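Numbering that gives the first Met the number 0 applies: residue 0 is where the sequence shown begins, and numbers increase by one. Glycine included, C-beta positions come from ideal geometry on N, C-alpha and C. Note that this is a predicted model, so its numbers are computed, not measured.
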Amino acid sequence: MNIIVNGTPQSVSANSTLSELLGLLEIRGRIAVEINGELLPKHLFSTQVLQPGECVEIVRAIGGG
Numbered sequence: 000m001n002i003i004v005n006g007t008p009q010s011v012s013a014n015s016t017l018s019e020l021l022g023l024l025e026i027r028g029r030i031a032v033e034i035n036g037e038l039l040p041k042h043l044f045s046t047q048v049l050q051p052g053e054c055v056e057i058v059r060a061i062g063g064g
């Protein structure tokens with residue numbers, strides 16, 4: 000199925016979870032994720048099943064000063 004990740008089309012298996020997507024993209028560490036404009040708590044990443052056409056925005060936390 001097809002979803003949009005940070006503005007780019009991405010193909011994932013049906014019934015993929017957000018955690019599976021993050022693994023596929025090799026994204027780890029401190030991140031924030033929105034699905035269709037809604038911020039998703041980290042404890043839901045492993046149970047959030049992605050749906051066709053959803054827009055996923057992934058932002059990495061970067062320290063600075």
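I'd like the list of long-range same chain contacts for residue i, defined as Cβ closer than 7 Å, with 5 residues on each side in sequence excluded.
i          : result
residue 18 : 44, 45
Do residue j and residue i have their beta-carbon atoms positioned less than 8 Å apart in this structure?
i          : j          : result
residue 36 : residue 1  : no
residue 3  : residue 58 : no
Under a Cβ-count criterion, where at least 16 other Cβ atoms within 10 Å of its own Cβ denotes burial, should residue i be classed as buried or exposed?
i          : result
residue 38 : exposed
residue 50 : exposed
Indicate whether at least one CB of chain B lies closer than 8 Å to the CB of residue i.
i         : result
residue 7 : Included in the structure is just one protein chain, with no chain B present.
How would you write the range of the alpha helix (DSSP H) that residue i sits in, first residue to last?
i          : result
residue 21 : 17 to 23
I'd like the list of long-range same chain contacts for residue i, defined as Cβ closer than 6 Å, with 5 residues on each side in sequence excluded.
i          : result
residue 9  : 2
residue 32 : 39, 57
Which same chain residues end up closer than 8 Å to residue i when comparing Cβ atoms and leaving out the 5 residues on each side of it in sequence?
i          : result
residue 16 : 44, 45, 46, 47, 48, 49
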